[in-house]
Amino acid sequence: MKGNYLGELEELVLLTVGILHPNAYGVAVMDEIQRQVNRELNISAVHAVLTRLEEKGYVKSGMGEPSQERGGRRKRIFTLTAAGKRALEEANEMRTQLFSQIPKVALQFRIA
Amino acid sequence: MREQSPPRWADRFLQWYCKPELLETIQGDVYELFYREKDSSKARRKFIWNVLRFFRWKNIKRTRSSSPNRFDMLQHYFKLGFRNLLNNRNHAIINVTGLAVAIAAVILIALYVQYELTYDSKLAKVPNVYRVVNINKDDNTRGLAKITGMLGPASSEIRSVKSFVRITWAASPMFGVNDIKAFEPNGLYADANFLEMFNYRIVEGSPATMFSSPNSVVLTPNLVKKYFGDESALGKTITINNHAQVTVSGVIEAVQPNTHFTFTFLFPMEADKSDWLVWDRQQYYTFLQLDDNADIAQVEKDLDVIYAKNIPADKLNYHARLQPLTSIHLHSALTREMGGNGNLKTVYIYISIALLVLIIACINYINIFTAKAGERLKEIGMRKVSGAKRSELIRQFLSESFVLTFIAAAAGVALSLATLPYFRYAIGIPLSANNILDATFIGLFAAGLFVVALLAGGYPAFYLSAMKPVALQRGTSGATRNRWREGLVLVQFTISAFMITALFGVSGQITYMENKSLGFAKDNIIILQIRDRATVKSRQAVIEKLKSNPHVTNVSFSGTTLGGNDWGMPVQPEGVDRDKMPETRIMVVDENFVDTYKFKIIEGRNFSSAFPADSANSVLVNATAAREFGWGNNILGRRIVIPAANNKTAVVVGVVDDFHFRSLHSEIIPLVMFMQPSWDGSVSIRLDGQANKETIDDIADIWQTFEPQFPFAYGYFDQALDRLYQADRNTSRLVTWSGVLAVILACIGLFSLTAYQATRRSREFGIRKVLGASVESIVAIQLKAYTIVAIVGSLTACVFAWYIIEKWLTGFAYRTSIQPSWFLLSIVLSVFVAMATSIYQSLRSAMVNPVQSIKSNQ
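One line per chain: the protein sequences are B and E, in this order. The first sequence begins at 151 in this note's numbering and counts up by one. The second sequence begins at 2 in this note's numbering and counts up by one.
Pasting the structure below:
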């Protein structure tokens, strides 16, 4: 099992799973990322990340209802776990904390 | 859009590779993406793309069989295989060692075979290079490798001849650079386009100008090292024969060690001042480069037409024939070949020996492996009962077999590398281990190992795994298999008895040749080469001075010495029809020659200084000549015309008993000896048995007073003569060692077989003992079986050996007769070896307390 480090893409997918709750599955996650942050992902990449997140215990999955547009196949619906929620919070917190330590001067840009 | 469906093959591919538990989700997603895409062709493209993108390690089915723990099982097989090896340590070591030794032997022999088969393969720079040779009209197996130097230039009128190169030996000039002076016997005169036809690495100089000046020489690196050390040789001056000066115009190096071009330096053809460039002197090796679509037979005809135009019909007793450059080494055995050519027969002998040794070792390997597998019947049964599939059992045995073979192969390669220097020395060929890295070599090697591993593992793998568990549990595996195994041992014994017999045959012939009376005494003679023509003029003085040393018993001046250096020149004996003239050789000798070599005069007299006319017009002939010239009993006084020697007419004054002036491979043919002092080139000095270093020093001092400007060099005659039989001795050595190896391997095979049989029959022996059988009778039962195998094997071997030895001996004009004792001895040896090997196990199994053997479960 890999470490608990949360990669950038993993974080993005994890956030999207949260946003789409309770309808997060492969295609939906891919569409949402395309819509929100304008990033083209291949469906197989999304699957790979979701599998990895599940292995790490940040999401769990269950089969949904069969649907017409999938040729009668069921969706695999992903939902955040407590660990996933905590990972997101930690990532968020770490980022805010780091950001707050940047001295003001460094952020003052003058447009020439 | 709904009626549109995704590409079937992509969908199928997905279903084929995808893990079942992931299939529904993945398939669902790609279908969804497909159906929502409006543009149908784009949808199909995307579908295919997505399917391909899903083809990842994580999504791919791991096993097609239902067993989820195949890796665990493989680990288990290795562990068990390893434990099995340890349990049967002795057998495993014997098994692997035997195979490794055989593999090493095969690798070494293969290296040699490869060396011979790739001879001259890189010599030609351009395609379609052929050598022109003269083949006798009446006997197309004979001929001359050298031809007239006129044919090369004349051949340019043939349309499909693109270019020609002639080379000829430069008669051993003396090189002088400062204080270093030495004779260089291996130089050539070559046409200026030599480097355009032949592939040499240019070390120094420009190929365009190397042959532009007649006063230049092209060296090879060894000579550069000898005369100039590590300095550059280009532009340096070398003094030739103490007077002429030549400049080094280039340094070239051969690209392969296995080439029949063995020269050490090249002079330009223009520097050749000899008068050999005429139609009736055969002095030049001539190579032609032909067009890609040249018709060889037509070119040969065209060359014959050129001959017919320039050579009188009565002298033209040969055809021109073309030999591909690469075929010269193994397929050409003409007179005056450039180097000692190889022999296809020898290559075949080596290949067969390698194969035989390998067969013996493989049989051992298979026998031991299967015998051991036979002891694991219960294990196999148990596995089957607990649900092992046949494919898993097969995999288990095959993996064990492959691991063992691999270990043996690795050990074999290591062993061959370690023994390569000895082998190189033994066969006298500079083999390089680098050739092992050759692609075909590795390919063949791997394929061979694969076959061995498959055969050895195959029996238990496929046969035993198919048996019913109940039968396996009972431990009965059928009696027929023993016959089969005995059959294999029989093959082994046949092969090793064959090798032993062949060994007797080969060494018998070698001994025969060593002991055969050659018609002269070869020991205690040293040979000097005459470098200065002035020495010939002071012949009497030289002889007197040399004879003043008490250990010098005789001194003779001659054109050449014995051992294949005789000359071919037309002679016309009186009363012999030109068409019926047998092939005749000539030797230029003096009045001391017969006594120096201790020939026997059987009729007439030797040359003598008492008859001054002898030096001008007397000849001696050998007994064969006297017989074949058809002179009956009136031999003395017959006349022989020798056109080459100023057309002189000589009178036969004596007949010398036949002696072998060539190697024993060739028959004695008519020989004519006469005196022609201006042609003298060698001095033979007979010493008495007490000659020592001081004698040689004294001879050197005397010689130096006549040829002070040349270094003193001498050689022993018997050593030079021995070199004629080098190849035979190499064959003998190889046959001896591989024979010994074969016997040892066969013993190993028999030893393991007896061990196996003894354990298998231990209960039977126990019961026999209980019922009153003696130890001796039980030993006898076992020995009888193996003795029969040995006898049958060696008898079969004798038949093959007889045939092969007979064939091999036809290569010798003088051969020993096949001795029955060889065959008897090899049969006796086989039986003895068989009994000695099996007696230990037989005794052991016979002496066991029957309580032990009957009680035991096995």
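All residues carry an ideal CB built from backbone N, CA and C; glycine is no exception.
Requested in this report: For Ile15(E), decide whether its Cβ has a neighbour in chain B, counting only Cβ atoms nearer than 8 Å.
Outcome: Note that residue 15(E) corresponds to Leu in the displayed sequence, not to Ile. No, Leu15(E) lies away from the interface with chain B (no Cβ there is under 8 Å from its Cβ).
Report task. Sort Gly682(E), His666(E), Gly655(E) by Cα distance to Val673(E) and report the nearest one. Result -> Gly655(E)
Requested in this report: Using three-state DSSP, classify Glu161(B) as helix, strand or coil.
Outcome: helix
Query raised in the report: With respect to the alpha helix (DSSP H) encompassing Gln5(E), which residues constitute its N-terminal and C-terminal limits?
Result: No alpha helix (DSSP H) holds Gln5(E); DSSP gives it neither H nor E.
Requested in this report: Drop a sphere of 10 angstroms on the beta-carbon of Ala802(E), count the other beta-carbons inside from all chains shown, and report buried for 16 or more, exposed for fewer.
Outcome: buried
Query raised in the report: Whose Cβ in chain B lies nearer than 7 Å to the Cβ of Glu25(E)?
Result: Arg223, Arg224
Query raised in the report: Hey, how far is the Cα of His320(E) from the Cα of Phe707(E)?
Result: 45 Å
Query raised in the report: Does the beta-carbon of His92(E) have 16 or more other beta-carbons within 10 angstroms, so that it is buried, or is it exposed?
Result: buried
Requested in this report: Count the C-beta pairs between the region 116–125 of chain E and the region 340–354 of chain E that are closer than 8 Å, then say yes if the count reaches three, no if not.
Outcome: yes
Query raised in the report: Starting from Leu450(E) and walking both ways along the alpha helix (DSSP H), at which residues does that stretch end?
Result: 440–459
Query raised in the report: What does Thr201(B) reach in chain E if we use C-beta pairs closer than 9 Å?
Result: Leu23, Lys59, Asn60
Query raised in the report: For a contact meaning CB atoms closer than 7 Å, what does Tyr36(E) contact in chain B?
Result: Glu219
Requested in this report: Give a yes or no on whether the minimum CB-CB distance between Ala480(E) and chain B is below 8 Å.
Outcome: Confidence is the limiting factor: at Ala480(E) the pLDDT is only 47, short of 50, which leaves the residue's position unreliable and the question unanswerable from this model.
Query - Buried or exposed (CB count within 10 angstroms, at least 16 for buried), Ala835(E) - result: buried
Report task. Mark Asp702(E) as exposed unless 16 or more other C-beta atoms lie within 10 angstroms of its C-beta, in which case mark it buried. Result -> exposed
Query raised in the report: What is the rounded straight-line gap between the Cα of Pro8(E) and the Cα of Leu230(B)?
Result: 35 Å
Report task. Rounded to whole angstroms, what's the CA-CA distance from Ala728(E) to Ala427(E)? Just pull it up for me. Result -> 11 Å
Query - C-alpha distance - Met180(B) paired with Ala374(E), whole-angstrom precision - result: 58 Å
Requested in this report: Kindly say whether Gly176(B), judged by its beta-carbon, lies nearer than 8 Å to any beta-carbon of chain E.
Outcome: yes
Report task. Inspect the beta-carbon positions of Ile227(B) and Ser211(B) and report whether they are closer than 8 Å. Result -> yes
Query raised in the report: Is any heavy atom of the ligand FMN found at a distance shorter than 7 Å from the C-beta of Glu161(B)?
Result: Questions concerning the ligand FMN fall outside what the structure shown contains, since it holds no ligand whatsoever.
Requested in this report: Identify, in the order they occur along the chain, each residue of the same chain with its Cβ nearer than 7 Å to the Cβ of Arg734(E), setting aside the five sequence neighbours on each side.
Outcome: Ala427
Query raised in the report: Does any CB atom of chain B fall closer than 8 Å to the CB of Arg84(E)?
Result: no
Report task. Report the residues of the region 168–195 of chain B with a CB closer than 7 Å to any CB of chain E, ordered along the chain. Result -> Gly176, Val177, Asn192, Ile193, Ser194
Query - Distance, Val652(E) Cα to Ala646(E) Cα - result: 14 Å
Query raised in the report: Ile27(E): which of Ala233(B), Gly221(B), Gln258(B) sits nearest, CA to CA?
Result: Gly221(B)
Report task. Report the residue from Ala298(E), Arg391(E), Lys538(E) whose alpha carbon sits nearest the alpha carbon of Ser466(E). Result -> Arg391(E)
Requested in this report: Output the boundary residues of the beta strand (DSSP E) element that contains Ile203(E).
Outcome: 201–205
Query raised in the report: By the 10 Å Cβ neighbour count, where 16 or more other Cβ atoms means buried, how is Pro461(E) classified, buried or exposed?
Result: buried
Query raised in the report: Between the region 707–721 of chain E and the region 521–530 of chain E, do three or more beta carbon pairs fall short of 8 Å?
Result: yes
Query raised in the report: Is the Cβ of Ala233(B) closer than 8 Å to any Cβ of chain E?
Result: no
Requested in this report: Take Ile792(E) and list the residues in its own chain whose beta-carbon comes closer than 8 Å to its own, dropping the five residues that flank it on each side.
Outcome: Ile828, Ser831, Val832
Query raised in the report: Which chain B residues sit within Cβ distance under 7 Å of Tyr32(E)?
Result: Arg220, Gly221, Arg223
Query - Residue range of the unbroken beta strand (DSSP E) whose run includes Pro128(E) - result: Element bounds for Pro128(E): n/a, residue is neither H nor E.
Report task. Please classify Lys856(E): is it buried, with 16 or more other beta-carbons within 10 angstroms of its beta-carbon, or exposed? Result -> exposed
Query raised in the report: From this set, Asp533(E), Ala309(E), Gln510(E), Ala172(E), which residue's C-alpha is nearest Leu665(E)'s C-alpha?
Result: Gln510(E)
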